[in-house]
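Asker:
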Amino acid sequence: MTIDVSRTDLLKEIQALKKKSFIRDDMVARLCEAIQELSVREKELSAIMSGAKAVLGQKGFKESARAIFDYCKDLIGATSGYVALLNETGEENEVVFLESGGLPCMVDPELPMPIRGLRSEAYYLNQAVYHNDFMNSEWIDFMPKGHMTLKNVMFAPLVIDGKSVGLIGLANKATDFNDNDAEMATGFGELAAIALQNSRNLDQRVEAERQREKVIENLNEALSQVKKLSGLLPICAHCKKIRDDKGYWTQIESYIHEHSEARFSHGICKACAEKYYPDIDIYEDE
Numbered sequence: 044m045t046i047d048v049s050r051t052d053l054l055k056e057i058q059a060l061k062k063k064s065f066i067r068d069d070m071v072a073r074l075c076e077a078i079q080e081l082s083v084r085e086k087e088l089s090a091i092m093s094g095a096k097a098v099l100g101q102k103g104f105k106e107s108a109r110a111i112f113d114y115c116k117d118l119i120g121a122t123s124g125y126v127a128l129l130n131e132t133g134e135e136n137e138v139v140f141l142e143s144g145g146l147p148c149m150v151d152p153e154l155p156m157p158i159r160g161l162r163s164e165a166y167y168l169n170q171a172v173y174h175n176d177f178m179n180s181e182w183i184d185f186m187p188k189g190h191m192t193l194k195n196v197m198f199a200p201l202v203i204d205g206k207s208v209g210l211i212g213l214a215n216k217a218t219d220f221n222d223n224d225a226e227m228a229t230g231f232g233e234l235a236a237i238a239l240q241n242s243r244n245l246d247q248r249v250e251a252e253r254q255r256e257k258v259i260e261n262l263n264e265a266l267s268q269v270k271k272l273s274g275l276l277p278i279c280a281h282c283k284k285i286r287d288d289k290g291y292w293t294q295i296e297s298y299i300h301e302h303s304e305a306r307f308s309h310g311i312c313k314a315c316a317e318k319y320y321p322d323i324d325i326y327e328d329e
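Every number in the numbering used here is 43 more than the matching position in the sequence shown, counting from 1.
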């Protein structure tokens, strides 16, 4: 049985029952709290499902990551942030995209983003971390000149095979970040990690297919250069000519030359040398 009724309608009905003294005040508060909690969980589930669809859409990582980030940002209430991946040396973030939330930021996007400060904790701990008074934190000295103001920040790692390979960064939520926000961001970080792994697997498959096609092309090219003799060849028992498909008798050298890549250079064997040139000892040095 499905009850199709909005949260607002439920709250109105509860208030009506309260006026008629059908339920106690403490029960009203508990019911309202439960309805509010249900609404929050429904919103969280909807955002997670939307993020999962972004992964299943098999888009490029940048597109999937952007969709996942937006769902996460909107759910938690942050207004700015970014998604970044760890570079090959493991020393810097490489930003996939950055959302300033409309705030001015004068930092050159090409500047390196070393793994330090609060984001280093997310990388090394493999878990979401946050700070709600970032401008007065110990990490403020790491911010480059011209960076936008960060009221609060949160970092959730992208973990593959037990290692953090990137981050979802969130900032400037109107209220404080909390543990539930960290739990939600962790879930979205897992989705982003799956999207990244899928993208890498797809790149590997594309590269493997490209290599396979190249090998096939090379083999076909090599085969096109090869002529092969096969089957039963009629050969004269005396003169050793070969009869071709059209019934003509051809010198064996000509036939093989025509049907293969072999080339001939003439010489004389020892038996024939003794038979036809008995006065010349061609093989005297052997």
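For each residue, glycine too, the CB sits at the ideal point set by N, CA and C.
So leucine 161 packs on valine 138, CB below 8 Å; how close in whole Å?
Answerer: In fact, because the Cβ distance is near 16 Å, the residues do not count as touching under 8 Å.
Asker: For the alpha helix (DSSP H) containing glycine 290, name the first residue and the last one.
Answerer: Glycine 290 -> no alpha helix (DSSP H), and no H or E assigned at all.
Asker: Terminal residues of the continuous alpha helix (DSSP H) containing isoleucine 237?
Answerer: Isoleucine 237 -> alpha helix (DSSP H) spans 222 to 267.
Asker: Can you give me the Cβ contacts of alanine 171 inside the same chain, cut-off strictly under 6 Å, excluding the 5 residues immediately before and after it?
Answerer: Excluding positions up to five away in sequence, the list reads Ala199, Ala225, Ala228 and Thr229.
Asker: My output table needs one value for isoleucine 311: the three-state DSSP class, helix, strand or coil.
Answerer: Isoleucine 311: coil per DSSP, three-state reduction.
Asker: Start and end of the beta strand (DSSP E) containing tyrosine 320?
Answerer: First-last for tyrosine 320: undefined, no H or E at that position.
Asker: In its own chain, which residues sit with a C-beta less than 7 Å from the C-beta of alanine 316, not counting the 5 before and 5 after it?
Answerer: Answer for alanine 316: Ile325 and Tyr326, listed in chain order.
Asker: Return the chain-ordered list of same chain residues with a C-beta closer than 6 Å to the C-beta of glycine 232, the five sequence neighbours on each side being excluded.
Answerer: Cβ within range, chain order: Ala199, Pro200, Leu201 and Ile211.
Asker: State the DSSP-derived secondary structure class of isoleucine 285, mapped to helix, strand or coil.
Answerer: DSSP places isoleucine 285 in strand when its eight states are reduced to three.
Asker: Exposed or buried, what is threonine 45 when buried is set at 16 or more other beta-carbons lying within 10 Å of its beta-carbon?
Answerer: With a pLDDT of 41 at threonine 45, under the threshold of 50, the predicted position of this residue should be treated as unreliable, and no value is reported.
Asker: Relative to the C-alpha of lysine 206, which residue among Leu168, Trp182 and Ser180 is closest?
Answerer: Comparing Cα positions, the closest option is Leu168.
Asker: I need the straight-line Cα distance from phenylalanine 140 to arginine 248, nearest angstrom please.
Answerer: Approximately 25 Å, taken between the alpha carbons.
Asker: Quick check on glutamate 106: does DSSP put it in helix, strand or coil?
Answerer: Helix at glutamate 106.
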